[in-house]
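One structure below.
2 protein chains.
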Amino acid sequence: MAAVFDRIAIIGVGLIGGSIARAARETGAAGDVVLFDRDTAALKRAGEIGFGRAAATIEDAVRDADAVFHCVPVGAMAAVAAEIAPELSPDTVVSDVGSVKESVAKVLGAALPGVHVIPAHPVAGTEKSGPDAGFASLFKGRWCIITPPPRADATMVERLSQFWQRLGSKVDLMDATHHDRVLAVTSHLPHLIAYSIVGTASDLEEVTKSEVIKYSAGGFRDFTRIAASDPVMWRDVFLTNRGAVLEMLGRFTEDLTALQRAIRWGDGDTLMREFTRARTIRKAIIDAGQDSASVNFGRNTTKAEE
Amino acid sequence: MAAVFDRIAIIGVGLIGGSIARAARETGAAGDVVLFDRDTAALKRAGEIGFGRAAATIEDAVRDADAVFHCVPVGAMAAVAAEIAPELSPDTVVSDVGSVKESVAKVLGAALPGVHVIPAHPVAGTEKSGPDAGFASLFKGRWCIITPPPRADATMVERLSQFWQRLGSKVDLMDATHHDRVLAVTSHLPHLIAYSIVGTASDLEEVTKSEVIKYSAGGFRDFTRIAASDPVMWRDVFLTNRGAVLEMLGRFTEDLTALQRAIRWGDGDTLMREFTRARTIRKAIIDAGQDSASVNFGRNTTKAEE
Chain A
187 MAAVFDRIAI IGVGLIGGSI ARAARETGAA GDVVLFDRDT AALKRAGEIG
237 FGRAAATIED AVRDADAVFH CVPVGAMAAV AAEIAPELSP DTVVSDVGSV
287 KESVAKVLGA ALPGVHVIPA HPVAGTEKSG PDAGFASLFK GRWCIITPPP
337 RADATMVERL SQFWQRLGSK VDLMDATHHD RVLAVTSHLP HLIAYSIVGT
387 ASDLEEVTKS EVIKYSAGGF RDFTRIAASD PVMWRDVFLT NRGAVLEMLG
437 RFTEDLTALQ RAIRWGDGDT LMREFTRART IRKAIIDAGQ DSASVNFGRN
487 TTKAEE
Chain B
187 MAAVFDRIAI IGVGLIGGSI ARAARETGAA GDVVLFDRDT AALKRAGEIG
237 FGRAAATIED AVRDADAVFH CVPVGAMAAV AAEIAPELSP DTVVSDVGSV
287 KESVAKVLGA ALPGVHVIPA HPVAGTEKSG PDAGFASLFK GRWCIITPPP
337 RADATMVERL SQFWQRLGSK VDLMDATHHD RVLAVTSHLP HLIAYSIVGT
387 ASDLEEVTKS EVIKYSAGGF RDFTRIAASD PVMWRDVFLT NRGAVLEMLG
437 RFTEDLTALQ RAIRWGDGDT LMREFTRART IRKAIIDAGQ DSASVNFGRN
487 TTKAEE
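Taken in sequence, the protein lines are chains A and B. Those letters in the first sequence? Residues 187 to 492, by my numbering. Those letters in the second sequence? Residues 187 to 492, by my numbering.
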């Protein structure tokens, strides 16, 4: 199968950039994969692993690229765009992988007026970071949301879409603002809550840290996985998707306060009603192939057949 | 190896009761395992699976048992204790598996004045319920917290401890009140938060349920697993550990409000500081063997070796 892009440049060789590079090579979605990272140790490591060719400068990386992927924290995109602007041809597709789309569209659009800016967001990841964290199958069966700006070139949107499909993704097109509200609830709010409860547990005076760790199998450990995600990436997400996050957080706090009130007043019926409906959503997520059906995420369940 | 108890009675053949029965048979921790459940369909199913002998009545189940395990929701323990009281001999050990210990100690102690009431809590489980959900290895490497009342018989406490160790658990002794505070943060609060955010996501008008499901891989899906746990069990936990849960919830809300304020005011330094310390706890939990080291809980990460 022909490559979707003859040459792609990946700026940022962490979990997502490194996974795109690996998947693009493995699937032949890109003819040539050129890498750059301002963290020279990470770039060197990426070159050693060999999932692309490390460029000496960011200008070298993007020159003659058909598509440039910003795989950096959302807050770093403006600086990257400013650096590469002079090297891009009008045919270049510039995309990204950020978890926030409205601000990214604004920033990239302003910095790169003459090229095809088409932001995108692969809804996939792990709690790990860095060039060793990526793997080619990360996007398989996961959704990639492309948020084309109002006057985007349809051909280029289609080509970017093909690229993500080649990596194994399912592709949706969405308005950037709507994307930011959907992800605020399916991704940003869960991460904020996870970070927060880990902080709460760490600060207890009467319960020791070793107790929190020993008895974490009661539920807490699940939150610590999410809260182990890259802090810089998440700081930037919250700073750039402020409005949507604050609104979802407000709704969550209201709902939690209602449960709190039910607990205080011994209102078991309210608790039952709220606790019961969650099972339906879990089942739907598994049926949609968006999570494993394995009990306990498959961990420590060497369940004997009976 | 000799059985720790010649005969045990399991009241409630769900996930935990069914797992104790399976593990007790597999390890020889009990010579004979007798089962009862007031849900006749569940009891019948347990008999078919064959992890114990189904008794016709609860009285038959506990008569001549050396140890009786209440594996029912915390709110159902008083009724079970009242039913079995006349059948127990003074040598019987009565224990349970509830996630709340102070109220259970009170309820069982009051209903069963003449026997050895020694509450316990295996910190293990999955999101599944019912007789088919259990498995013998559920307790392997997990902690079981025994909370002996002040005047408990040391020999019986030791025997119960041996029983749990035989099932693969590590055993801790703890004061019931302290247990309830530790578990409020490592287990009860995480479940309440998970139930709450699933409710918040379900109620959004502008984001469809199908969008929540499709893009749940961004973090939300982790919460839905916990929120798929048994609603009756959790209702009872919150109603009986009210004080500790409300206090931990208050602390959590304060911490979340501080993060909310940092987001509103664009205070990236505070976000970074809070987000950074979570990684240490995650690592400690994995090092302590309390969670799998597999990235993404091992799901969909067919990570190629490179």
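Ideal placement from N, C-alpha and C gives every residue a C-beta, glycine not left out.
inquiry  = Measuring alpha carbon to alpha carbon, tell me which residue in B:R407, B:D477, B:G429 and B:F222 is nearest A:Q476.
reply    = It is B:R407.
query = What do you reckon, are the CB atoms on A:I379 and B:L442 nearer than 9 angstroms?
reply = In this structure, B:L442 lies closer than 9 angstroms to A:I379 by Cβ.
request  = Using the DSSP secondary-structure output, state which residues sit across from B:D358 in a beta bridge.
outcome  = DSSP lists B:I331 as partners of B:D358.
key: Whole-angstrom distance between B:A251 and B:A210, CA atom to CA atom   = B:A210 and B:A251: Cα-Cα distance of roughly 14 angstroms.
key: Residues within the stretch 309 to 320 of chain B neighbouring chain A, beta-carbon criterion of under 8 angstroms   = Listed by position along the chain: V309, A310, G311, T312, E313, K314 and A319.
message = Please tell me whether B:W350 has its Cβ less than 9 angstroms away from any Cβ of chain A.
response = No, B:W350 lies away from the interface with chain A (no Cβ there is under 9 angstroms from its Cβ).
key: Pairwise C-alpha distance: A:T312 and B:M458   = Taking the straight line from one Cα to the other gives about 19 angstroms.
request  = Measure the C-alpha to C-alpha separation of A:A414 and B:M419 and round it to an integer number of angstroms.
outcome  = Straight-line Cα distance between these residues: approximately 29 angstroms.
task = Write down every uninterrupted run of the alpha helix (DSSP H) in the stretch 265 to 346 of chain A whose length is 4 residues or greater and which is fully enclosed by it, in chain order.
result = The stretch 265 to 346 of chain A is shown to contain whole alpha helix (DSSP H) runs of 4 or more residues at 288 to 297, in chain order.
ask   = Does the separation of the CB atoms of A:A362 and A:E288 fall below 9 angstroms?
value = Yes; because the gap between Cβ atoms is below 9 angstroms, this pair is in contact.
key: C-beta neighbour in chain A for B:L353, strict 9 angstroms   = Using a CB distance cut-off of 9 angstroms, B:L353 does not count as an interface residue toward chain A.
ask   = In terms of residues, what are the limits of the alpha helix (DSSP H) holding A:D192?
value = A:D192: not part of any alpha helix (DSSP H); member of the beta strand (DSSP E) spanning F191 to I197, first to last residue.
query = From the beta carbon of B:T487, is the nearest beta carbon of chain A less than 9 angstroms away?
reply = Model confidence at B:T487 stands at a pLDDT of 49, short of 50, so the residue's coordinates are unreliable and nothing is read from them.
request  = Give the DSSP-derived three-state secondary structure of B:V393 in the structure shown.
outcome  = Collapsing the DSSP output to three states places B:V393 in coil.
key: Nearest-angstrom Cα separation, counted from B:G284 out to A:T213   = Between the alpha carbons of A:T213 and B:G284 lies a distance of about 51 angstroms.
inquiry  = If distances are taken between C-alpha atoms only, which option among B:K395, B:F409, B:M263 and B:L375 comes closest to B:E433?
reply    = That would be B:L375, whose Cα lies nearest to the Cα of B:E433.
Bounding residues of the alpha helix (DSSP H) (the contiguous stretch that carries A:V384) = From DSSP, the alpha helix (DSSP H) with A:V384 extends over L375 to S388.
ask   = In terms of residues, what are the limits of the beta strand (DSSP E) holding A:G217?
value = Counting along the chain, the beta strand (DSSP E) containing A:G217 begins and ends at A216 to F222.
query = Which residues of chain B have a Cβ atom closer than 9 angstroms to the Cβ of A:S373, listed in chain order?
reply = Within chain B, the residues placing a beta-carbon under 9 angstroms from that of A:S373 are Y401, S402, A403, G404, G405 and F406, ordered along the chain.
ask   = Since A:R465 meets chain B, which of its residues come closer than 7 angstroms, beta carbon to beta carbon?
value = Residues of chain B whose Cβ lies closer than 7 angstroms to the Cβ of A:R465 are, in chain order, A414.
query = Mind checking A:S323: buried by the 16 CB within 10 Å criterion, or exposed?
reply = Counting of Cβ neighbours within 10 angstroms places A:S323 among the buried residues, the total reaching 16 or more.
message = Taking 8 angstroms as the limit between beta carbons, can you name the residues of its chain near A:G217, skipping five residues before and five after?
response = Excluding residues within five positions, the ones whose Cβ falls inside 8 angstroms are A189, F191, D192 and R193.
ask   = CA-CA distance, A:T456 and A:Y381?
value = Answer to the nearest angstrom: the Cα atoms are 27 angstroms apart.
request  = Helix, strand or coil for A:V248, going by three-state DSSP, please let me know.
outcome  = DSSP, reduced to helix, strand and coil, places A:V248 within a helical segment of the structure shown.
message = In this structure, how does DSSP classify B:R463 when only helix, strand and coil are distinguished?
response = Residue state, collapsed to three classes: coil.
query = Are B:S399 and A:A253 close, meaning C-beta to C-beta below 9 angstroms?
reply = Just to set this straight, residue 399 of chain B is Ile in the shown sequence, not Ser. No, they are not a contact pair.
Boundaries of the beta strand (DSSP E) in which B:A253 is found, first to last residue = First-last of the beta strand (DSSP E) with B:A253: A253 to H256.
ask   = Between B:D441 and chain C, is there a C-beta pair that is closer than 9 angstroms?
value = Checking the listed chains, one finds no chain C in this structure; the protein chains it contains are A and B.
task = Kindly identify the DSSP beta-bridge partner or partners of A:R239.
result = In DSSP, A:R239 forms a bridge with A:V220.
query = By the 10 Å Cβ neighbour count, where 16 or more other Cβ atoms means buried, how is A:E491 classified, buried or exposed?
reply = Summary for A:E491: the model assigns pLDDT 29, below 50, so the residue's position carries little reliability; its value from the coordinates is reported in the next sentence. The residue in question, A:E491, is exposed, as its Cβ has fewer than 16 Cβ neighbours within 10 Å.
ask   = Mind listing which residues of the stretch 353 to 369 of chain A have their C-beta closer than 7 angstroms to chain B's C-betas, in chain order?
value = From the stretch 353 to 369 of chain A, only R367, V368 and L369 have a Cβ closer than 7 angstroms to chain B.
inquiry  = Assuming the contact rule is C-beta atoms closer than 8 angstroms, A:L229 and A:A319 should be a hit. Round their C-beta distance to whole Å, please.
reply    = Rounded, the Cβ-Cβ distance is 15 angstroms, inconsistent with contact.
When A:I383, A:R224 and A:V258 are compared against A:T243, the one with the closest alpha-carbon = A:T243 has its Cα closest to that of A:R224, out of A:I383, A:R224 and A:V258.
ask   = What's the C-alpha gap between A:D416 and B:P334?
value = Each residue's alpha carbon lies about 43 angstroms from the other.
inquiry  = Rounded to whole angstroms, what is the Cα-Cα separation between B:G385 and A:V368?
reply    = Their Cα atoms are separated by approximately 15 angstroms.
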